[in-house]
Amino acid sequence: MFIDIKKISFKYKNAKIDTLKNINFGIEKGEILSILGESGGGKSTILRIIAGLETPSEGSLVIDNRILFDRNTFILPEKRGVGMVFQDYALFPHMTVEENIMFGLRNFSKKEKEIRVKEMLQLVNLQDFARRYPHELSGGQQQRVAIARALAPKPSVLLLDEPFSNLDAHLKSKIREELKVILNRTGMTAIFVTHDKEDVKSIADKVVVLENGIIADIGITSKILK
Amino acid sequence: MRFKNIRQKVNSWGILSFIFTLLVVLPCIFILLHLLDKPNENWYHIKNYLLKDYIIDTFKVVSFTGIFTMTIGITLAWLIAAYEFPFRKFFKWALILPLTIPPYIAAYTYNGIFNYTGIVQRFFREVIKITPDPKAFDIMSTKGAIFIFSAFLFPYVYMISRSFLEKQSAALIENARLLGRSSSSIFIRVILPISRGAIVGGTSLAILEVLNDFGVVSYFGVQTFTTAIFNAWFSMGDSSTAVKLASMLMFTVFLVLMSEKWMRGRKKYSYTTAKVRDIVPIKLKGIKAVGAFFYCLTILSIGFIIPLLQLISWSALTYKAILNIKLIGLTFNSIWLAAISAFFIIIISIVISNFCRMNSNWISKIFSKISILGYSIPGAVIAIGVILLMISIDRNMVWLYKAIDPNSKTLVLSTSIFMLTFAYIIRFLAIGYQSIESGFDKIGIRFFEASRTLGYGVTKSFFKVDLPMIKPALISGFALVFVDIVKELLLTLILRPFNFNTLATKTYEYAGDEKIHEAAIPALIIILVSMVVVYLLYEIGDKEKR
Numbered sequence: 001m002f003i004d005i006k007k008i009s010f011k012y013k014n015a016k017i018d019t020l021k022n023i024n025f026g027i028e029k030g031e032i033l034s035i036l037g038e039s040g041g042g043k044s045t046i047l048r049i050i051a052g053l054e055t056p057s058e059g060s061l062v063i064d065n066r067i068l069f070d071r072n073t074f075i076l077p078e079k080r081g082v083g084m085v086f087q088d089y090a091l092f093p094h095m096t097v098e099e100n101i102m103f104g105l106r107n108f109s110k111k112e113k114e115i116r117v118k119e120m121l122q123l124v125n126l127q128d129f130a131r132r133y134p135h136e137l138s139g140g141q142q143q144r145v146a147i148a149r150a151l152a153p154k155p156s157v158l159l160l161d162e163p164f165s166n167l168d169a170h171l172k173s174k175i176r177e178e179l180k181v182i183l184n185r186t187g188m189t190a191i192f193v194t195h196d197k198e199d200v201k202s203i204a205d206k207v208v209v210l211e212n213g214i215i216a217d218i219g220i221t222s223k224i225l226k
Numbered sequence: 227m228r229f230k231n232i233r234q235k236v237n238s239w240g241i242l243s244f245i246f247t248l249l250v251v252l253p254c255i256f257i258l259l260h261l262l263d264k265p266n267e268n269w270y271h272i273k274n275y276l277l278k279d280y281i282i283d284t285f286k287v288v289s290f291t292g293i294f295t296m297t298i299g300i301t302l303a304w305l306i307a308a309y310e311f312p313f314r315k316f317f318k319w320a321l322i323l324p325l326t327i328p329p330y331i332a333a334y335t336y337n338g339i340f341n342y343t344g345i346v347q348r349f350f351r352e353v354i355k356i357t358p359d360p361k362a363f364d365i366m367s368t369k370g371a372i373f374i375f376s377a378f379l380f381p382y383v384y385m386i387s388r389s390f391l392e393k394q395s396a397a398l399i400e401n402a403r404l405l406g407r408s409s410s411s412i413f414i415r416v417i418l419p420i421s422r423g424a425i426v427g428g429t430s431l432a433i434l435e436v437l438n439d440f441g442v443v444s445y446f447g448v449q450t451f452t453t454a455i456f457n458a459w460f461s462m463g464d465s466s467t468a469v470k471l472a473s474m475l476m477f478t479v480f481l482v483l484m485s486e487k488w489m490r491g492r493k494k495y496s497y498t499t500a501k502v503r504d505i506v507p508i509k510l511k512g513i514k515a516v517g518a519f520f521y522c523l524t525i526l527s528i529g530f531i532i533p534l535l536q537l538i539s540w541s542a543l544t545y546k547a548i549l550n551i552k553l554i555g556l557t558f559n560s561i562w563l564a565a566i567s568a569f570f571i572i573i574i575s576i577v578i579s580n581f582c583r584m585n586s587n588w589i590s591k592i593f594s595k596i597s598i599l600g601y602s603i604p605g606a607v608i609a610i611g612v613i614l615l616m617i618s619i620d621r622n623m624v625w626l627y628k629a630i631d632p633n634s635k636t637l638v639l640s641t642s643i644f645m646l647t648f649a650y651i652i653r654f655l656a657i658g659y660q661s662i663e664s665g666f667d668k669i670g671i672r673f674f675e676a677s678r679t680l681g682y683g684v685t686k687s688f689f690k691v692d693l694p695m696i697k698p699a700l701i702s703g704f705a706l707v708f709v710d711i712v713k714e715l716l717l718t719l720i721l722r723p724f725n726f727n728t729l730a731t732k733t734y735e736y737a738g739d740e741k742i743h744e745a746a747i748p749a750l751i752i753i754l755v756s757m758v759v760v761y762l763l764y765e766i767g768d769k770e771k772r
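Line order of the protein sequences matches chains P and L. If you read the first sequence in our numbering, its first letter stands for residue 1, the second for the next number, and so on. If you read the second sequence in our numbering, its first letter stands for residue 227, the second for the next number, and so on.
Written out as structure tokens, the structure reads:
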């Protein structure tokens with residue numbers, strides 16, 4: 001398995017019950033996995049654990065044969081090489097589109113940076129918007145910038161937190177298609193969280209159904225969501 | 227597992243936060259240690275003959291100032307928030323201006339207006355040709371102190387209540403209007419209850435200012451705890467008695483804070499819905515509009531226009547003698563001292579609040595509580611704690627001083643400007659901390675997390691992402707602290723190095739030497755600096771709203 005999650009449990013401070021209980025699943029390289037469930041069911045917490053923004057109470061996490069978390073290890077988020085697209089995008093408001101995308105390219109040379117930013121802008125089809133600030137973009141454009149920013153440093157996996165929840169209904173299917181194209185073109189391994197079965201059907205290879213912090217069902221999308 | 231968790235949490239931010247909060251607490255600890263000193267004769271003398279007066283005077287000043295600031299503040303807030311009348315927009319911000327005149331300057335000015343040679347009695351003698359009883363105009367009393375505090379501290383209640391009413395009350399007030407309630411009944415049945423938290427919050431700020439004040443009460447000869455502490459320390463040279471009085475003052479402050487908590491009640495009167503409309507003011511007509519206008523004008527005149535005009539006219543009399551290189555030196559002293567202290571306060575505030583927002587646990591809660599502790603501790607208490615601490619450090623460090631410079635004095639820290647800066651930091655850290663904290667609250671943690679997933683550590687993320695985003699909070703925090711330090715009197719007076727003067731101490735000195743006219747120019751500079759800052763903050767606040 002490219003990503004291997006074993007026996008992860010998680011409890012928020014001051015909470016009485018576990019948000020996540022004994023979570024186990026794996027993903028092969030290049031696969032797109034969706035975590036489906038009601039809001040408040042702990043879906044986003046799984047992404048935050050993979051990104052290193054939360055520390056589980058037990059379990060282990062391995063990506064590409066590298067232990068990111070277990071009993072004795074905790075790799076800091078900045079050292080994980082995991083890209084994340086936040087639900088509200090979290091684009092830095094004081095930086096232009098270009099600067100946002102360039103932000104994660106700290107170990108690139110100046111020339112490499114320019115090339116990579118150009119590639120990314122092309123990938124998300126925003127070549128003409130490089131100098132704009134986030135608040136000058138539409139919701140869909142902001143999301144594409146967020147995706148480009150997360151993909152730019154070539155992460156091993158891309159995490160997307162409710163990627164379609166902030167978009168108008170009539171835009172949804174168009175943006176789904178766009179995301180599918182982007183992910184396919186890059187061959188990226190990706191995990192996305194959603195509460196909408198349609199999202200899963202149109203993009204995901206595999207789905208994990210989460211109910212009250214435990215995995216209720218897991219498998220190939222076409223089999224789980226008939 | 228345990229070790230892993232600790233390593234994750236302890237970083238340079240945590241260590242620095244710990245050191246800074248420790249520095250803030252140390253002087254308090256020194257006061258507590260000296261509290262156990264054996265009482266001496268002075269203490270018994272004070273306890274038997276004077277303590278009752280201190281308590282009564284302090285209580286009188288605090289409670290009446292509380293009542294008056296509350297009344298003036300909430301009525302103005304209600305008028306401005308709910309009604310439209312001539313010059314309302316002007317009054318809306320102008321009514322903050324009394325805060326730019328430090329109460330001690332107001333005290334000298336009003337004494338100058340009302341004393342035998344002042345404009346009021348001269349008017350009676352020279353224009354109306356009657357000589358009134360000078361006692362009728364004597365404001366150097368407890369009543370005078372209450373007048374000064376109320377006229378110049380009410381903006382605390384006004385500002386907090388007004389912004390609360392504007393933001394929170396639209397639906398409630400409109401409903402009450404639809405239900406056919408009259409204005410006065412809405413005020414009593416709806417406005418007062420819902421704005422209780424804001425009123426109590428503002429009033430307790432004013433009361434803390436009163437307990438902290440030294441300038442007004444010492445000039446008017448009112449015997450409060452602050453003057454008593456000052457006298458015990460300087461007239462009697464008795465630190466142990468001063469410490470005992472200081473701890474009683476601290477206890478009073480504690481009572482004020484507790485009753486604030488209790489009076490705010492359990493209910494939080496704020497909306498849970500995200501969409502809060504601004505209240506739409508009703509247009510007043512005829513006599514009502516004139517009445518509202520004159521009410522605002524009277525308060526503004528007493529709290530700002532009259533003393534300002536008086537100071538300007540005095541400075542016209544004295545500017546030839548005062549405007550010189552010495553005055554520039556004083557201004558320079560005030561400004562660099564305030565700037566350096568404010569700079570340190572902002573740095574410390576950033577470190578602690580950044581640590582606290584990333585680690586919400588009991589340690590960060592304690593750090594954050596301690597950071598805002600200093601503002602409720604009266605200056606006199608902080609001064610004593612800081613002196614005790616610095617002298618004790620000096621005593622233990624003599625060997626080091628001698629090693630560096632064989633001719634060194636034995637008291638180094640406690641005679642340097644460092645001691646004063648340190649005290650400022652303790653006293654005003656709360657102001658810087660709260661504005662930085664609210665700046666962090668506004669941007670949230672998401673941007674920081676995004677930066678972490680893009681490969682930057684805690685510190686790099688802070689400089690690249692958080693710092694540029696909290697810039698407005700940095701500027702307003704710095705400005706607020708800066709202006710408070712320029713105005714500050716008591717700490718500066720007690721802790722300054724020998725022969726070191728600022729605008730505030732010089733104003734106090736002139737006024738104390740019966741040179742009220744000469745005090746006008748340094749006082750005006752202080753007021754001018756405050757006005758500039760108030761204007762800047764008002765602009766920033768307005769911009770953020772838009």
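A virtual CB, placed ideally from N, CA and C, is assigned to each residue, including glycine.
- L:Ile701 is the residue among L:Ile701, L:Val288, L:Ile720, L:Glu744 whose C-alpha sits nearest the C-alpha of tyrosine 764 (chain L).
- Arginine 583 (chain L) is outside the set of residues whose beta carbon lies under 8 Å from a beta carbon in chain P.
- From the beta-carbon of valine 157 (chain P), no residue of chain L is found nearer than 8 Å; the closest lies around 11 Å away.
- With contacts defined by Cβ atoms closer than 8 Å, leucine 639 (chain L) and aspartate 667 (chain L) do not form a contacting pair.
- Cβ proximity to chain P below 9 Å picks out Glu675, Ala676, Ser677, Arg678, Thr679, Leu680, Gly681, Tyr682, Gly683, Val684, Lys686, Ser687, Lys690, Val691, Pro694, Met695, Lys697 from the stretch 675-700 of chain L.
- Distances from the alpha-carbon of serine 597 (chain L) to those of L:Trp459, L:Ser664, L:Ser560, L:Arg653 put L:Arg653 closest.
- Along the stretch 287-341 of chain L, the alpha helix (DSSP H) occurs as fully enclosed runs of 4 or more residues at 314-320, 329-340, listed in sequence order.
- At a cut-off of 8 Å between C-beta atoms, phenylalanine 666 (chain L) does not count as an interface residue with respect to chain P.
- CA-to-CA, the gap between serine 586 (chain L) and phenylalanine 724 (chain L) works out to about 44 Å.
- Cβ contact annotation for threonine 718 (chain L) (same chain, cutoff 7 Å, sequence separation greater than five): Leu646, Thr728, Ala730, Thr731, in chain order.
- Partner residues in a beta bridge of arginine 388 (chain L), as assigned by DSSP, do not exist.
- Its chain contains Glu31, Ile32, Leu33, Ile220, Thr221 as the residues whose beta carbon lies nearer than 8 Å to that of aspartate 205 (chain P), once the 5 sequence neighbours on both sides are disregarded; these appear in chain order.
- Contacts between leucine 137 (chain P) and chain L, judged by CB atoms closer than 9 Å, are missing: the closest CB pair is about 16 Å apart.
- Exclusion of the five residues before and after arginine 583 (chain L) leaves Phe666, Ile671 as the residues of its chain whose Cβ lies within less than 7 Å of its Cβ.
- If you draw a straight line from the Cα of alanine 606 (chain L) to the Cα of threonine 96 (chain P), it is about 51 Å long.
- Against chain L, the CB of phenylalanine 108 (chain P) has no partner CB under 8 Å away; the residue lies outside that interface.
- Proximity of the stretch 295-304 of chain L to the stretch 732-750 of chain L falls short of the contact definition, fewer than three beta-carbon pairs being nearer than 8 Å.
- Taking a C-beta cut-off of 9 Å against chain L, the contacting residues of the stretch 33-54 of chain P are Arg48, Ala51, Gly52, Leu53, listed in chain order.
- Shown here, aspartate 70 (chain P) sits in a strand according to DSSP, grouped into three states.
- Secondary structure note for phenylalanine 192 (chain P): it is in no alpha helix (DSSP H), and the uninterrupted beta strand (DSSP E) holding it is 190-194.
- Put simply, the CB of arginine 422 (chain L) is far from chain P, with every gap to its CB atoms at 8 Å or more.
- If you look at phenylalanine 25 (chain P), you'll find it in the beta strand (DSSP E) that goes 20-27.
- Neighbours of alanine 90 (chain P) in chain L, taken as residues at a C-beta separation under 8 Å, are given in chain order as Arg672, Phe673, Glu675, Ala676.
- Between threonine 45 (chain P) and phenylalanine 69 (chain P), the gap from beta carbon to beta carbon reaches 8 Å or more.
- Per DSSP, isoleucine 425 (chain L) is one residue of the alpha helix (DSSP H) stretching across 422-438.
- Aspartate 161 (chain P): not part of any alpha helix (DSSP H); member of the beta strand (DSSP E) spanning 157-161, first to last residue.
- The three-state reading of DSSP puts glycine 104 (chain P) in coil, since its state is none of H, G, I, E or B.
- In this structure tyrosine 627 (chain L) does not touch tyrosine 445 (chain L) by the C-beta definition: roughly 38 Å separates them, more than the 8 Å allowed.
- About 16 Å separates the CB atoms of isoleucine 657 (chain L) and isoleucine 696 (chain L); that is not less than 8 Å, and the two are not in contact.
- For glycine 59 (chain P), the enclosing beta strand (DSSP E) covers residues 58-63.
- Between the stretch 236-247 of chain L and the stretch 459-466 of chain L, the count of Cβ pairs shorter than 8 Å is below three; the stretches do not touch.
- Annotation: histidine 135 (chain P) to glutamine 143 (chain P) spans about 12 Å, alpha carbon to alpha carbon.
- Counting C-beta pairs with one atom in each stretch, the stretch 75-83 of chain P and the stretch 152-160 of chain P have three or more that are closer than 8 Å, which means they touch.
- When 7 Å is used as the limit between beta carbons, histidine 94 (chain P) is near these residues of chain L: Pro694, Met695, in chain order.
- The beta carbon of valine 443 (chain L) sits closer than 7 Å to the beta carbons of Ala371, Thr450, Thr452, Thr453 from its chain, once the five residues preceding and following it are set aside; these are given in chain order.
- The residues Pro253, Gly600, Ala649, Ile652, Arg653, Leu717, in chain order, have a CB closer than 8 Å to that of isoleucine 608 (chain L) in the same chain once the five nearest residues on each side in sequence are set aside.
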